[in-house]
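Okay, structure first, notes after.
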Amino acid sequence: MSYNVDEKGYYGQFGGAYIPEMLYPNVEELRQQYLKIMAEPDFKAEFDQLLKDYVGRPSPLYFAKRLSEKYNTKIYLKREDLNHTGAHKINNTIGQILVAKKLGKKRIIAETGAGQHGVATATVCALMGLECIVYMGEIDIARQAPNVARMKMLGAEVRAALSGSRTLKDATNEAIRDWINNPVDTHYIIGSAIGPHPYPDMVTRFQSVISEEIKWQLKEKEGRENPDYVVACIGGGSNAAGTFYHFLHEPEVGIVAVEAAGKGVNSGHSAATSKLGKVGIIHGCKTLLMQTPDGQITEPYSISAGLDYPGVGPMHAHLAETGRAEFFSVTDDEAMKAGLELCKLEGIIPAIESSHALAVLNDKKFKPEDVVVICLSGRGDKDLNTYIDYFKY
1 MSYNVDEKGY
11 YGQFGGAYIP
21 EMLYPNVEEL
31 RQQYLKIMAE
41 PDFKAEFDQL
51 LKDYVGRPSP
61 LYFAKRLSEK
71 YNTKIYLKRE
81 DLNHTGAHKI
91 NNTIGQILVA
101 KKLGKKRIIA
111 ETGAGQHGVA
121 TATVCALMGL
131 ECIVYMGEID
141 IARQAPNVAR
151 MKMLGAEVRA
161 ALSGSRTLKD
171 ATNEAIRDWI
181 NNPVDTHYII
191 GSAIGPHPYP
201 DMVTRFQSVI
211 SEEIKWQLKE
221 KEGRENPDYV
231 VACIGGGSNA
241 AGTFYHFLHE
251 PEVGIVAVEA
261 AGKGVNSGHS
271 AATSKLGKVG
281 IIHGCKTLLM
291 QTPDGQITEP
301 YSISAGLDYP
311 GVGPMHAHLA
321 ETGRAEFFSV
331 TDDEAMKAGL
341 ELCKLEGIIP
351 AIESSHALAV
361 LNDKKFKPED
371 VVVICLSGRG
381 DKDLNTYIDY
391 FKY
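Residue 157 in the UniProt record's numbering sits at position 157 of the sequence shown, and the numbers go up by one each step.
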């Protein structure tokens, strides 16, 4: 079985491009060009050089000694939190801005929840001198204020989404509306492994540098390329897609995806799409989606601004349906405690998104000889206010 996208843009039954006619030329242009552009030697050279000298890759694969002792297994952390801008998001925005330039686009739009993708998009627009508009839900603007300030300092315009739950899904709706109105000169940099084909595949390919590095770093440290398990948190799923990519067809590698259960999977305040989702269409693709019996999208909830999305990328929906990945749902409380534990045991303050991945250590028993690689997708600076409020510091 293949876990990669097919030529029609599907992962099993999930994926495709369900878009208004007005967007067809944009998406079709991208679909026809993205693989060609990414294969060009000068594109690859510029992408690799920027990842090295601007982002600071490769990101370290760090053996977490005290965490490993506590859970009696070998835990490595893939340190995406050490990238420029503080998360994995920059890998994809650099790739997409180079694609946009090749396509002759002059204006960039993006959506953001936690603000990390917005910051990463604003960063590359400043780097390349392109106009940048970032859509962000009003609630996320309030809870991620430092990132909003960073985007503005980088020259981006931040536009509030005032409809619906005023979070990520609504910001995405606004960005799509903008794109429909500005189809010729604008490229939409989607930050997650979601959206109409070719976005999920393009984003995954740019993020696959994560698993590519894990393979040779593990070879150096453990004498083998494949870990026993790779673990990542999932909202839309770009850090997970990149972490899993080079292991999808290696059956001996267990794939562990961790979603946000919010206040509990069945509490009505959750974002555990693999458990609660039914097949539906959101933001241009067919995937698993939290919805009411009559097909209205259910409002998701998570303490983490980056995980409260009602759907999941089509690749992950396929991994869930086929059983290739094991899905866990972690509550706010479990994630916050796991985040604080990493601070105290390893001196690393993780993003709350990444704390969800760490919390799986309490839910899944690993063997002492297992090599477990957890993607530490981002650093916790942006979440300090949430941590402060939660732990009453």
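Idealized CB from N, CA, C, for every residue including glycine.
Keep in mind the model is a prediction, meaning the values are calculated, not measured.
Problem set entry | Inter-stretch contact at 8 angstroms, needing at least 3 Cβ pairs: the segment 268 to 287 / the segment 375 to 390 | At 8 angstroms Cβ cutoff, the stretches do not touch.
For this session: Determine the closest residue to residue 369 out of 292, 69, 88, 14, with distance taken between C-alpha atoms.
Result: Closest option to residue 369, judged by alpha-carbon separation, among 292, 69, 88, 14: 69.
Exercise. Can you find at least 3 beta carbon pairs, one from the segment 93 to 105 and one from the segment 135 to 143, that sit closer than 8 angstroms?
Worked result: No, they do not touch.
Exercise. Once you ignore the five residues that flank residue 374 on each side, which residues in its own chain have a CB closer than 6 angstroms to its CB?
Worked result: Result list for residue 374: 77, 231, 357, in chain order.
Exercise. Roughly how many angstroms separate the alpha carbons of residue 354 and residue 233, rounded to a whole number?
Worked result: Using only the alpha carbons, I get a separation of about 6 angstroms.
Problem set entry | Cut-off 6 angstroms between Cβ atoms - residues of its own chain near residue 417, not counting five sequence neighbours on either side | In this structure the chain extends from 1 to 393, so residue 417 is not present and cannot be described.
Exercise. Taking Cβ to Cβ, would you say residue 161 is nearer than 9 angstroms to residue 149?
Worked result: No; because the gap between Cβ atoms is not below 9 angstroms, this pair is not in contact.
Problem set entry | Residues of its chain near residue 239, where Cβ-Cβ distance is below 6 angstroms and the 5 sequence neighbours each way are ignored | Only 88, 232, 375, 377 meet the Cβ criterion.
Exercise. Between the Cα of residue 272 and the Cα atoms of 301, 111, 285, which residue gives the shortest distance?
Worked result: For the set 301, 111, 285, the Cα lying nearest the Cα of residue 272 is the one of 301.
Exercise. Relative to the C-alpha of residue 75, which residue among 388, 292, 325, 218 is closest?
Worked result: The residue with the shortest Cα to Cα distance from residue 75 is 218.
For this session: Assign residue 272 to one of three DSSP states: helix, strand, or coil.
Result: In the structure shown, residue 272 sits in coil (DSSP, three-state: anything other than H, G, I, E or B).
Exercise. Should the segment 42 to 60 be regarded as contacting the segment 191 to 203, the criterion being three or more beta carbon pairs within less than 8 angstroms?
Worked result: At 8 angstroms Cβ cutoff, the stretches do not touch.
Problem set entry | Limits of the beta strand (DSSP E) - the one that residue 282 falls within | Here the beta strand (DSSP E) through residue 282 covers 278 to 282.
Exercise. What beta strand (DSSP E) runs, 3 residues minimum, are completely inside the segment 275 to 325?
Worked result: Counting whole runs of 3 or more residues, the segment 275 to 325 contains the beta strand (DSSP E) stretches 278 to 282, 285 to 289.
Exercise. Can you give the beta carbon distance from residue 125 to residue 109, rounded, assuming they're within the 8 angstroms contact cut?
Worked result: Going by Cβ atoms, the distance from residue 125 to residue 109 rounds to 10 angstroms, so no, they are not a contact pair.
For this session: State yes or no: is the C-beta of residue 67 within less than 9 angstroms of the C-beta of residue 346?
Result: Between residue 67 and residue 346, the CB-CB gap stays under 9 angstroms.
For this session: Excluding the 5 residues preceding and the 5 following residue 37 in the sequence, name in chain order all residues of the same chain whose CB lies nearer than 7 angstroms to its CB.
Result: Around residue 37: 43, 99, 102.
Exercise. Between the C-alpha atoms of residue 237 and residue 393, what's the straight-line distance to the nearest angstrom?
Worked result: Cα-Cα distance, rounded: 31 angstroms.
For this session: Could you tell me which of 243, 116, 12, 5 sits nearest to residue 322, measuring between CA atoms?
Result: Measuring from the Cα of residue 322, the nearest candidate turns out to be 12.
Problem set entry | Whole-angstrom C-beta distance between residue 165 and residue 299, which should lie under 8 angstroms | That pair is a contact at about 5 angstroms.
Exercise. If residue 222 and residue 371 are in contact, beta carbons under 8 angstroms, what's the gap, nearest whole angstrom?
Worked result: Confirmed, about 6 angstroms.
Exercise. For residue 210, which three-state DSSP category applies?
Worked result: Here residue 210 sits in helix by DSSP.
Problem set entry | Range of the contiguous alpha helix (DSSP H) that encloses residue 396 | Nothing in the structure corresponds to residue 396, since the chain is present only between 1 and 393.
Exercise. Alpha carbon to alpha carbon, what distance is there between residue 252 and residue 131?
Worked result: If I take the Cα positions, the gap works out to 45 angstroms.
Exercise. Using DSSP with H/G/I as helix, E/B as strand and the rest coil, what is residue 189?
Worked result: It is a strand residue.
For this session: Flag this pair as touching only if the segment 332 to 346 and the segment 47 to 54 have three or more C-beta atom pairs under 8 angstroms; answer yes or no.
Result: Flag = no, the segment 332 to 346 and the segment 47 to 54 do not touch.
For this session: For residue 62, write down the residues that DSSP places opposite it in a beta bridge.
Result: In the DSSP output, where bridge partners are listed per residue, residue 62 has 77.
Problem set entry | Nearest residue (CA-CA) to residue 363, options 329, 384, 17, 351 | The candidate whose alpha carbon is nearest that of residue 363 is 329.
Exercise. Nearest CA to the CA of residue 394: which residue from 120, 228, 241?
Worked result: An answer regarding residue 394 cannot be provided, because it is not within the stretch 1 to 393 covered by the chain.
Problem set entry | Spatial distance of residue 21 from residue 180 (CA atoms) | Distance between the alpha carbons of residue 21 and residue 180: 9 angstroms.
Exercise. Per DSSP, what kind of secondary structure is residue 336 in: helix, strand or coil?
Worked result: Helix at residue 336.
For this session: Identify whether residue 376 lies in helix, strand or coil by the three-state DSSP scheme.
Result: It is a strand residue.
Problem set entry | Bounding residues of the alpha helix (DSSP H) (the contiguous stretch that carries residue 360) | For residue 360, the enclosing alpha helix (DSSP H) covers residues 352 to 363.
Problem set entry | residue 344 versus residue 365: straight-line alpha-carbon distance, rounded | Between the C-alpha atoms of residue 344 and residue 365 there is a straight-line separation of about 22 angstroms.
Problem set entry | Backbone secondary structure at residue 348 - three-state DSSP | Residue 348 falls in the coil class under three-state DSSP.
Exercise. So, using beta-carbon positions, are residue 306 and residue 235 closer together than 9 angstroms?
Worked result: Closer than 9 angstroms, so yes.
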